[in-house]
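**Student:** In our numbering, the protein residues as written are 55 to 210.
All residues carry an ideal CB built from backbone N, CA and C; glycine is no exception.
Here the structure is a predicted model, which is why all the values come from computation and not from measurement.
A single structure is presented below for examination.
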Amino acid sequence: MTCFFSKSNLLKYLDDAKAEYYAQEQIYHNDISQLYQERYSEVENLPTEHIFFTIYDASDNLSQRQNRGYIRSDDYIWKLWRTLILPKISYLSILKIVPTNPTEENNFPIFYFRILLDYQFRTFVHPSALETIEEIPADTAEIEQIKKSYRIGQER
Numbered sequence: 055m056t057c058f059f060s061k062s063n064l065l066k067y068l069d070d071a072k073a074e075y076y077a078q079e080q081i082y083h084n085d086i087s088q089l090y091q092e093r094y095s096e097v098e099n100l101p102t103e104h105i106f107f108t109i110y111d112a113s114d115n116l117s118q119r120q121n122r123g124y125i126r127s128d129d130y131i132w133k134l135w136r137t138l139i140l141p142k143i144s145y146l147s148i149l150k151i152v153p154t155n156p157t158e159e160n161n162f163p164i165f166y167f168r169i170l171l172d173y174q175f176r177t178f179v180h181p182s183a184l185e186t187i188e189e190i191p192a193d194t195a196e197i198e199q200i201k202k203s204y205r206i207g208q209e210r
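This is the structure in structure tokens:
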């Protein structure tokens with residue numbers, strides 16, 4: 055399968071992740087702040103806007119029915135994006151793009167791999183950038199009422 059990353063998406067991801075690199079809210083094995091500039095420069099120096107690569111199925115025990123699959127690539131960009139992503143707050147969106155006017159040589163889809171941050175509930179704001187809007191209620195009953203109000207309709 056033919057896939058690609060976009061240089062501008064990778065740079066945007068790093069711009070969005072800058073606060074996490076320098077004010078780490080997640081727990082990492084090492085201080086990742088030292089890696090930010092090096093990683094940013096590596097993406098900036100990519101030769102083209104669209105970096106194409108191929109993937110292959112790397113699922114174990116293909117004879118058994120599984121609920122998920124695993125993909126790999128031996129291309130440089132695959133290794134690079136794996137170093138860029140931050141655990142627990144990054145996710146990968148894969149967009150299938152099909153030709154609008156297929157021809158014999160151009161009748162296969164390509165896949166756009168996009169990485170994004172997800173600090174909490176699909177927001178893209180680092181927690182340290184948020185201001186406190188209201189005080190946390192001291193009354194336990196009030197806290198439980200607030201929790202219940204957020205869960206209305208959850209069972210559906």
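May I ask you to report which of helix, strand or coil DSSP gives Leu140?
**Tutor:** If DSSP states are grouped into helix, strand and coil, Leu140 belongs with coil.
**Student:** Label Glu74 either buried or exposed according to how many other C-beta atoms from any shown protein chain fall within 10 Å of its C-beta, with 16 as the threshold for buried.
**Tutor:** Glu74 should be labelled buried.
**Student:** Count the other CB atoms, across all protein chains shown, that sit within 10 Å of the CB of Arg176; report buried if there are 16 or more and exposed otherwise.
**Tutor:** Caution is warranted here: a pLDDT of 45 is assigned to Arg176, below 50, making its placement in the model unreliable, and the coordinate value is therefore given only provisionally. Exposed is the call here.
**Student:** Just tell me which of Phe162, Leu171, Leu64 and Ser147 has its CA closest to the CA of Pro153.
**Tutor:** Checked all of Phe162, Leu171, Leu64 and Ser147; the closest Cα to Pro153 is Phe162.
**Student:** In three-state terms, what does DSSP make of Asp128?
**Tutor:** Reduced to three states, the DSSP call for Asp128 is coil.
**Student:** Alpha carbons only, please: which of Ile164, Thr137, Tyr90 and Leu170 is nearest the one belonging to Leu146?
**Tutor:** Closest option to Leu146, Cα to Cα, is Leu170.
**Student:** Taking the alpha helix (DSSP H) that Ser60 falls in, what are its first and last residues?
**Tutor:** Not the alpha helix (DSSP H): Ser60 falls in the beta strand (DSSP E), residues Thr56 to Ser60.
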